[in-house]
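Scroll down for the structure; my scribbles are underneath it.
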Amino acid sequence: MFDDGDILGGLNEQQRRAATHQGGPLLVLAGAGTGKTRTLVARAAWLRSCQGIPASRILLLTFTRRAAGDMLARAAAASGSGSGDGSRICGGTFHAIAHKIVRQHAESFSLPPQFTILDPADMTDLLDVLRPDHGLADTGQRAPRAATCADIYTRCVSTGRPVSEVVTASFPWCVAFTSELAGLFRAYTARKRARHLVDFDDLLLLWQAALADRTAGPVLRGMFDAILVDEYQDVNAVQASIVRLLRPDGQQLTCVGDDAQAIYGFRGADPAHLRQLAADYPGLDIVRLDRNYRSRQGVLDLANLIRPSEPGLHLVLTGDRGPGRPPLLVRCHDESTQAVEICARVLDAYEDGTPLRDQAVLVRASHHSDILEIELSARHIPFVKYGGLRFTDTAHVRDFLAAARILANPADELAWFRLLRLHEGIGPVHARRVLDSLVSGEDLPGGFGPQDAAVLEVVPAKSREALAATLGRLAAAAGQPAAAQAIGILALLDPLIRARYADSAARLADLRRLADAAAAHPSLHDALAELTLDPPVSASDLAGPPRLDEDYLTISTIHAAKGLEWPIVHVPHLVDGALPSDMALGDPGGLAEEHRLFYVALTRARDHLYMYVPLRLHYHRRGRDDRHGLGQVTRFLHPQALAACGSVTAARPVPALPVAGPLGVTVDASLGALWDA
DNA sequence: GGTAACTGGGTTTTT
DNA sequence: CCCAGTTACC
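According to our numbering, numbering within the first sequence proceeds without interruption in unit steps and concludes at 680.
Following this line, the structure appears as structure tokens:
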């Protein structure tokens, strides 16, 4: 048993009110750096000790696995290291929880237990396969590409709006293809089901459907007495509906969010759901956290000045960490100068005792750090990059995952397609034929051996040996424990990777680590689900946490930096077109989201904030024409905001011209010859 | 007919 | 740097 002092110690008045709120639904409007995690953890502890709710009946929903792990660990620590059963709070991302439920009760969702999860890249591949059948390829016009189709699909599903509406509002250049898209999506869902595949959106939809089911709903609802939702401003319509279905009466529902930090609109999220809570639950109590424990006043002043103000939910942060220096705006000649300036300030701070670990460079788009990365490498400044391309998006990792998915779910034709085409001499057409013969020969790979001549007939003679070897290894690995399967996959990929990629040694080393990670799971299904729902950011991620004595700078997209903080933050590329991104300038909603993104970036800084404006932008192109553009300081830094910042201009450093002799003297001497003549 | 090798144009953010 | 479209080879 706990007394209030233990749980609530160190909380301020606002946080304490939120943690000990009684009864009905609660919305905590928590500004950046106001101790929202601590408050949520305290509330969970209070619900247990003062309301008598067992830990196992408290559900904590988050958006990233990092946030979930963080909070669950702190909650466990606060409750005295989880002794006894039922002492751990249930928690995870919406998708992870949904997956757990769907996996446990697959048959109730009309899915065979071996179903596999499509990651967004697979989803794009599948749409690409179906696209030609639906008038979206070879049209002569510019048709939406597979990745765009995937975006449109997800937007429709996660907002619950029809294609025509979504296309008109957010993808106006695709309006001419609206009916084709509708046909494509119909085929996509049918194919998914036929192949026992479930995409990220499906996970949420299935959970929602179960909760809405007359019979299953009460059972699922009955599992929990209290629901805590983090980052509520980032829920989409399906997630909002899941929360509503979990707590129709709002009893013991706690939502935490800040609508000024809603940055996932492209994924169907809408901060309007946060405002909607008040209408959904008439008894909703709202507690505001505006005491900021993160940033010095200089940073807060700017943050408050540029904070996007949605009607109704105003919030001004007050700090208690002392004045600090005002943020500094560094105008740079171009991107190279910007890179040099960032390196110089990073190293200055490092010399003054701020390790690289305590500094971060936050960018809008991952390619914004390209030039900087070259400069950092040249100066031997180690860095780790978060966001952008992931480990699981690289070709060889996808090859590995394809082989694993075939073993887990032999009906996964997408995985088959990829693995088959890895063989020399087998392209799309032969792969298709192999697949057709596999499907018609009733038994899919489980009992499929290398002797099956019928399948080998359909590929060119030169590919037969390699294909037979692959099929043999798959057959041998089928039904084995995860560790043996991982070894089998490595063995079958080895020759294929060597033949396909120039840098095969490095890629095979990656795969060995991947195989080790997969082998640690009880089954290949668990390994795959884990890798799909929470992909490692880099190969080194798989090798456990980096060594503590290693010091490195963080480069991160602003999206991936949400919820984090660093003593020193550098924000480059503050020009119109980069932030706000010109892709978002089309609709006003997009512009508002860019604005919030800027707010998120600035509020990551604890002590010092440096902002950089490259005035001339290079558009790097292969070939001759390098275009230039003139950068304008981002529109979000209005005059009043600029007045709250220091400002310097960094000229392009002029490189010394190497000379063989003293030119001035030589010129004078040659002039002298004129006078002498 | 089908695959590989080449070339030219385009590039946001992520569970 | 990745994808689509084209051409050259088997």
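Even glycine gets a Cβ: it sits at the ideal position worked out from N, Cα and C.
Asked: Neighbourhood of residue 326 by C-beta, 6 angstroms cutoff - its chain only, sequence neighbours within 5 removed; Found: 300
Asked: Among 346, 466, 427 and 185, the one whose alpha carbon lies nearest that of residue 380; Found: 346
Asked: Whether residue 440 touches residue 485 by CB criterion (7 angstroms); Found: no
Asked: Rounded Cβ spacing between residue 169 and residue 613 (contact assumed at less than 8 angstroms); Found: Not quite, the Cβ-Cβ distance comes to about 39 angstroms (not below 8 angstroms), so this is no contact.
Asked: Residue nearest to residue 654 in terms of C-alpha spacing, selected from 190, 337, 239 and 70; Found: 337
Asked: Run of the beta strand (DSSP E) containing residue 291, from where it starts to where it stops; Found: 288 to 292
Asked: Whole alpha helix (DSSP H) elements within the region 166 to 211, 4-residue minimum; Found: 166 to 173 and 181 to 197
Asked: Nearest to residue 328 (by Cα), restricted to the options 610, 433, 265 and 492; Found: 610
Asked: Span separating the alpha-carbon of residue 65 from that of residue 211; Found: 16 angstroms
Asked: Helix, strand or coil at residue 362 according to DSSP, with G and I counted as helix; Found: strand
Asked: Exposure label - residue 303; buried when at least 16 CB within 10 Å; Found: buried
Asked: Coarse secondary structure for residue 33, derived from DSSP in three states; Found: strand
Asked: Bridge-paired residues (DSSP) for residue 569; Found: 608
Asked: Close Cβ partners of residue 254 (< 8 angstroms) along its chain, the five nearest in sequence each way excluded; Found: 26, 27 and 28
Asked: Bounding residues of the beta strand (DSSP E) (the contiguous stretch that carries residue 389); Found: 386 to 389
Asked: Residues near residue 515 in its chain [Cβ-Cβ closer than 8 angstroms; skip 5 each side]; Found: 493
Asked: N-terminal and C-terminal residue of the beta strand (DSSP E) that residue 331 is part of; Found: 331 to 337
Asked: Boundaries of the alpha helix (DSSP H) in which residue 302 is found, first to last residue; Found: 300 to 309
Asked: Reduced DSSP category for residue 268 - H, G, I as helix; E, B as strand; rest coil; Found: helix
Asked: Cutoff 8 angstroms; reference residue 323; Cβ partners in own chain excluding five residues on either side; Found: 294, 295 and 296
Asked: Residues sharing a beta bridge with residue 94, DSSP; Found: 63
Asked: Of the residues 193, 207 and 507, the one placed nearest residue 103, counting alpha carbons only; Found: 207
Asked: 7 angstroms Cβ shell around residue 533 - same chain, five flanking residues per side excluded; Found: 524
Asked: Assigned secondary structure, residue 1 (DSSP; H/G/I helix, E/B strand, else coil); Found: With the chain running from 4 to 680 in the structure shown, residue 1 is simply not present.
Asked: Beta carbon of residue 265 nearer than 7 angstroms to that of residue 236; Found: yes
Asked: CA-to-CA distance, residue 78 to residue 38, given in whole angstroms; Found: 14 angstroms
Asked: Residue 558, enclosing beta strand (DSSP E) - first and last residue; Found: 556 to 560
Asked: Three-pair Cβ contact test at 8 angstroms for the region 387 to 400 versus the region 556 to 574; Found: yes
Asked: Under 7 angstroms between C-beta atoms of residue 310 and residue 275; Found: no
Asked: Beta bridge counterpart(s) of residue 614 as assigned by DSSP; Found: 332 and 574
Asked: Distance, residue 152 Cα to residue 406 Cα; Found: 26 angstroms
Asked: Sequence-distant residues of its chain with Cβ nearer than 7 angstroms to residue 43 (five each side left out); Found: 74, 231, 233 and 259
Asked: Straight-line gap, residue 247 to residue 188 (C-alpha atoms, nearest Å); Found: 27 angstroms
Asked: Beta-carbon contacts of residue 502 that lie in its chain and below 7 angstroms, excluding the five residues immediately before and after; Found: 427
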